[in-house]
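Visitor: The structure under discussion is supplied below as structure tokens; questions concerning it will follow.
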Amino acid sequence: MKPPTVLITGGTSGIGKATATHFAHAGYPVVITARDAARGRATAAQISARTSNPQVRYLVGELGTIKGCQALVALILEEVPDLQLLINNAGVFMTKRVLNADGLETNFMVNYLAPFILSTGLVELLARNAPSRILTVNTGLHLQGHFDLARTPCGLDFSGRASYCNTKLANALFTVEQAGRVRHRGITVNAMSPGLYNTRVLKVTGWLRVAVRVGGAGLGLVQPLARSGKAPFYLATAPELAAVTGAYFDQQKLAAFAPQAADAQLRKELWDRTLGWI
Ligand SMILES: NC(=O)c1ccc[n+]([C@@H]2O[C@H](COP(=O)([O-])OP(=O)(O)OC[C@H]3O[C@@H](n4cnc5c(N)ncnc54)[C@H](OP(=O)(O)O)[C@@H]3O)[C@@H](O)[C@H]2O)c1
């Protein structure tokens with residue numbers, strides 16, 4: 014039987030690229046998204062050559078604006094009609110408050126709103142191709158998040174690390190809410206923490222970066238990047254997880270979402286407000 018087609022956002026570097034490579038090694042048809050065509054083409058070609066899998070391609074998509082996300086949804090509907098596995102991996106950790114053309118703060122846009130627009134925009138396609146899975150790369154830091162529906166979207170409460178945590182918490186609430194809404198459509202919706210890797214998201218530079226790489230690796234905290242594709246691959250493909258939905262995994266291990274994710278009223282409020290923004 015032909016393996017299902019997987020699409021991974023932010024496949025040009027870090028965990029996304031490692032995950033795409035893992036899938037390609039296993040013989041899956043792989044689509045990565047890239048915001049730059051030349052990087053997308055080069056990365057897809059490199060993964061394809063490395064894994065001897067000719068079925069690796071890229072789509073260009075900008076997740077930093079609402080229009081960009083909607084355009085990517087339209088492109089996927091046209092170009093990937095057999096999509097069954099959606100991995101929302103792209104993410105940012107902003108050190109400054111940067112607003113996009115929609116007036117939305119960048120962490121909020123890329124870490125929360127982009128997965129929302131993609132996951133909801135592709136529901137009909139995924140339901141048609143069911144069984145399907147949506148997996149979002151979140152972080153254990155969402156447990157430290159607090160968000161304010163009035164202030165977080167525009168970053169009025171911006172504060173580097175806290176904003177990253179807050180937007181990932183919003184993403185956690187969304188995961189649980191969407192899982193409930195598509196439960197009977199043959200689509201599972203889960204989130205995961207990938208572990209710690211020395212990528213741009215880790216946001217350390219200079220000597221600190223060297224210290225994290227050496228010290229973190231020595232302590233077993235920072236893992237080799239090539240390993241980062243293993244857990245997303247497992248969560249998106251394991252037969253024993255076919256019916257597991259609305260769940261959070263710490264790498265491959267079932268874990269608990271932040272307690273706010275159990276608040277159905279808050280989840281609905283966030284969902285309804287989000288529909289108003291897009
Ligand atoms: N690294 C860790 O230790 C760690 C820990 C917990 C969670 N995570 C999560 O893992 C995910 C992947 O991060 P990473 O560590 O692999 O970081 P990374 O190497 O910086 O990769 C991030 C990916 O997202 C893409 N991206 C960022 N902004 C985008 C935009 N506006 N439009 C389209 N694509 C965009 C990047 O594209 P470009 O290449 O074009 O910039 C890149 O492909 C993120 O969701 C992150 O929050 C990472």
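14 is the number of the first residue of the sequence shown in the numbering used here; add one for each residue after it.
Ideal Cβ positions, reconstructed from N, Cα and C, are used throughout, including at glycine.
Terminal residues of the continuous alpha helix (DSSP H) containing D285?
Guide: D285 -> alpha helix (DSSP H) spans A277 to W290.
Visitor: Rounded to a whole number of angstroms, what is the C-alpha to C-alpha distance between N203 and S132?
Guide: Roughly 11 Å separates the two Cα atoms.
Visitor: Report back the beta-carbon spacing between T34 and I60 to the nearest angstrom; my notes put them in contact at under 8 Å.
Guide: Their Cβ separation, rounded to whole angstroms, is 5 Å, which keeps T34 and I60 in contact under 8 Å.
Visitor: How many whole angstroms separate the CB atoms of F121 and T165, which I take to be in contact at a CB cut-off of 8 Å?
Guide: With 8 Å as the limit, F121 and T165 qualify as a contact, their Cβ atoms being about 6 Å apart.
Visitor: Taking just the CA atoms, how far does T78 sit from A114?
Guide: Roughly 7 Å separates the two Cα atoms.
Visitor: In terms of DSSP beta bridges, what is R146 paired with?
Guide: According to DSSP, R146 bridges with L98 and T201.
Visitor: Nearest CA to the CA of Y177: which residue from F270, G23 and R110?
Guide: Among F270, G23 and R110, the Cα nearest to that of Y177 belongs to R110.
Visitor: Sort out for me which residues DSSP pairs V19 with in a bridge.
Guide: Its beta-bridge partners are V43 and L98.
Visitor: For G27, does the count of other Cβ atoms within 10 angstroms reach 16, so buried, or fall short, so exposed?
Guide: Label assigned to G27: buried.
Visitor: Excluding five sequence neighbours on each side, which residues of the same chain lie with their C-beta closer than 7 Å to the C-beta of V199?
Guide: A quick correction: the sequence has Gly, not Val, at residue 199. Cβ neighbours of G199 beyond the five flanking positions: A140, A143, P144 and S145.
Visitor: Taking only heavy atoms of ligand 1 into account, decide whether any of them is closer than 7 Å to the Cβ of S206.
Guide: Flag set: Cβ of S206 near ligand 1.
Visitor: From Y261 to A249, what distance separates their C-alpha atoms?
Guide: Taking the straight line from one Cα to the other gives about 13 Å.
Visitor: Over what stretch of residues does the beta strand (DSSP E) that includes L72 continue unbroken?
Guide: V69 to V73 is the span of the beta strand (DSSP E), which, as asked, contains L72.
Visitor: Return the CA-CA distance between L234 and K181, expressed in angstroms with no decimal places.
Guide: The alpha-carbon atoms of L234 and K181 are separated by roughly 21 Å.
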